[in-house]
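Please read the structure below before turning to the comments.
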Amino acid sequence: MPENSTYIARSSAIAARALAGEMMVMNSADSTFFTLNEVATAIFQAADGRTPLEEIVRERICEQFDVDPDEAQADAERFVAELSGHRILLVSNQPLNSEPAR
Amino acid sequence: MTALRKSECVEIGAIPIALSTSDGGFLDLLRRRYAGFLSSSRPEFALEFDLSATYSVSDEDVRVCRDGDEWMLQRGDFRARWDPRAGRGTVRQDANPYSLDTVLRILHSLILAERGGFLLHAASAICDGQAFLFSGVSGAGKTTMTRLAPPDVTLLTDEISYLRPSAGGYAAFGTPFAGELARSGENCSAPVSALFFLDQGPENRIDELHSGEAVRRLMRNILFFAEDRILVEKLFATACDFVASVPIRRLTFYPDGRVWDDVRNFASNSLEVPEHA
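Taken in order, these protein sequences are the chains called B and S. Here the first sequence is numbered in our numbering, starting from 959 and rising by one per residue. Here the second sequence is numbered in our numbering, starting from -15 and rising by one per residue.
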């Protein structure tokens, strides 16, 4: 297990649907609603609780979207912090159990 | 001693519900109120009314929550219990029509949520065999759109639209739930051609709505009261399906009859598959 890694998992209290190339995510506990762009969708879909965020950024974001790795990592951390604040993503420095979004 | 109960079947959205009471005056009231929606169909569900309550009409928020296998519905002016498995419920209220309307709306919202349908804060009407929905906050123009409708347009409701999935899309049904127009809708249905979110402006125009914005607006205007995560998630899935299968636009309109020409033109020019699907 890499040291100082961040692990992210989708909360079980959310519902998610892909529509017209975008991911719609709703927190069913309070009905707050989010639309994720392509990059955010890639991170959200890769949030399995076992893959470190750094690896998700390197393998999924930098390769698919041709972005600067440092910039992509900083953007990903901001995005994860925001969705974690809305209880859409769970964040830990240990691997997590992830329940698939409905 | 139990007084003799009489019942009347009220069928809204092709869902017949038997409403029973031992109070003859209340039975007359509901016959008048739902005159266009009385039915001889075999009821799918049953609600018994007990009018011994002395609750007063209230502005407090409705609460709908689970109590074991049953739903508890309550506001200051009524208390009700609904057993979805048995399809039966009881209501305690006094003999006022506003409580009766609210209980029926909640009950239909629960039944519809399980069946992939929903109640929407929207006016709706049938034009050239197609249903059009006009949604928005109070004052956006729902009742105005129905008042401006040409004589060949059939009013389904000026306040609460009733939507169910149907072959290839959704169907809108008339409801007796009236807004400012104070007129019941016609008891008929048609396939939904488009949903417009209303805004009033100096001229008529129809604009695209991004699918995320369409889902967000739709969710905001769906009438749903139950504190239940699973049903809320079902409703979210239904809203996404609706956005994927029905054209949804922003309609800015100047309040005169020409807006209906634009609605007709939109219908005749619209593609079969919505652009945001």
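Cβ coordinates follow ideal geometry from the N, Cα and C atoms, glycine included.
Can you find a C-beta in chain S that's less than 8 Å from the C-beta of residue i?
i, result
"B:Thr993", "yes"
"B:Ala1030", "no"
"B:Ala971", "yes"
In three-state terms, what does DSSP make of residue i?
i, result
"S:Phe102", "strand"
"B:Asn985", "strand"
"S:Pro160", "coil"
"S:Ala70", "coil"
"S:Pro231", "coil"
"S:Leu94", "helix"
"S:Tyr39", "coil"
"B:Asn1051", "coil"
"S:Met(-15)", "With a pLDDT of 47 at S:Met(-15), under the threshold of 50, the predicted position of this residue should be treated as unreliable, and no value is reported."
"B:Thr964", "coil"
"S:Tyr154", "strand"
"S:Val257", "Caution applies to S:Val257, whose pLDDT of 48 falls short of 50 and renders its modelled position unreliable; the model cannot decide the point."
"S:Arg63", "strand"
"S:Ser4", "strand"
"B:Arg975", "strand"
"B:Phe991", "strand"
"S:Gly52", "coil"
"S:Ser195", "helix"
"S:Leu117", "strand"
"B:Gly1007", "strand"
"S:Tyr146", "strand"
Is the beta carbon of residue j closer than 8 Å to that of residue i?
i, j, result
"S:Phe220", "S:Leu117", "no"
"S:Leu88", "S:Leu207", "no"
"S:Glu98", "S:Thr127", "no"
"B:Leu977", "S:Ala178", "no"
"S:Thr74", "S:Leu35", "no"
"B:Glu980", "S:Gly196", "yes"
"S:Asp142", "S:Ala107", "yes"
"S:Glu32", "S:Leu14", "no"
"B:Ile972", "B:Val1038", "no"
"S:Pro160", "S:Arg69", "no"
"S:Ala109", "S:Thr130", "yes"
"B:Pro1010", "B:Ser963", "yes"
"S:Leu182", "S:Leu147", "no"
"B:Leu1054", "B:Gly1007", "yes"
"B:Ala998", "B:Val1015", "no"
"S:Cys111", "S:Val243", "no"
"S:Glu192", "S:Arg167", "no"
"S:Glu28", "S:Gly(-3)", "no"
"S:His105", "S:Asn205", "yes"
"B:Phe992", "B:Ile1046", "yes"
"S:Val61", "S:Ser40", "For clarity, residue 61 of chain S is Asp in the given sequence; the question names Val instead. Against a cut-off of 8 Å, the Cβ pair of S:Ser40 and S:Asp61 comes out as a contact."
Residue i CB to nearest chain B CB: under 8 Å?
i, result
"S:Cys(-7)", "no"
"S:Arg233", "no"
"S:Ala261", "Caution applies to S:Ala261, whose pLDDT of 44 falls short of 50 and renders its modelled position unreliable; the model cannot decide the point."
"S:Arg200", "yes"
"S:Gly153", "no"
"S:Ser195", "yes"
"S:Met203", "yes"
"S:Met(-15)", "In this predicted model, S:Met(-15) has a pLDDT of only 47, less than 50, meaning its place in the structure is not dependable; the value taken from the coordinates is given anyway. Taking Cβ atoms only, chain B never reaches closer than 8 Å to S:Met(-15), which makes this a no."
"S:Val257", "With a pLDDT of 48 at S:Val257, under the threshold of 50, the predicted position of this residue should be treated as unreliable, and no value is reported."
Could you check how far apart the C-beta atoms of residue i and residue j are, in whole angstroms? I think they sit under 8 Å.
i, j, result
"S:Ala30", "S:Ile1", "7 Å"
"S:Gly152", "S:Glu170", "Their Cβ separation, rounded to whole angstroms, is 23 Å, which puts S:Gly152 and S:Glu170 out of contact at 8 Å."
"S:Arg63", "S:Arg76", "5 Å"
"S:Leu139", "S:Ala133", "7 Å"
"B:Arg1018", "B:Ala1004", "5 Å"
"S:Val(-6)", "S:Leu3", "6 Å"
"S:Glu67", "S:Asp53", "For clarity, residue 67 of chain S is Asp in the given sequence; the question names Glu instead. Between S:Asp53 and S:Asp67 the Cβ distance is about 7 Å, and since that is below 8 Å, they are a contact."
"S:Arg65", "S:Asp212", "With a Cβ gap of about 15 Å, S:Arg65 and S:Asp212 do not count as contacting."
"S:Val46", "S:Trp55", "So it is not a contact: roughly 12 Å between Cβ atoms."
"B:Ser986", "S:Val216", "5 Å"
"S:Tyr154", "S:Pro186", "Not confirmed; about 32 Å, so no contact."
"S:Cys224", "B:Arg968", "The Cβ separation is near 17 Å, so there is no contact."
"S:Ile95", "S:Phe209", "Between S:Phe209 and S:Ile95 the Cβ distance is about 13 Å, and since that is not below 8 Å, they are no contact."
"S:Ala162", "S:Ala115", "S:Ala162 to S:Ala115, Cβ: 17 Å. No contact."
"S:Ser254", "S:Pro231", "5 Å"
With a threshold of 8 Å between beta-carbons, can residue i be considered close to chain C, or not?
i, result
"S:Val121", "No chain C appears in this structure, whose protein chains are B and S."
**OP:** Please name the residues in the stretch 973 to 985 of chain B whose beta-carbon is closer than 8 Å to at least one beta-carbon of chain S, in chain order.
**Re:** Ala973, Arg975, Leu977, Ala978, Glu980, Met982 and Met984
Subject >> Residues in the stretch 82 to 102 of chain S having any Cβ partner in chain B nearer than 8 Å >> reply: none
**OP:** With 7 Å as the limit, tell me which residues of the stretch 205 to 233 of chain S have their beta carbon closer than that to any beta carbon of chain B; keep them in chain order.
**Re:** Arg213, Val216, Glu217, Phe220, Ala221, Cys224, Val227 and Ala228
Subject >> Interfacial residues, the stretch 986 to 1019 of chain B to chain S, with Cβ spacing under 8 Å >> reply: Ser986, Ala987, Ser989, Phe991 and Thr993
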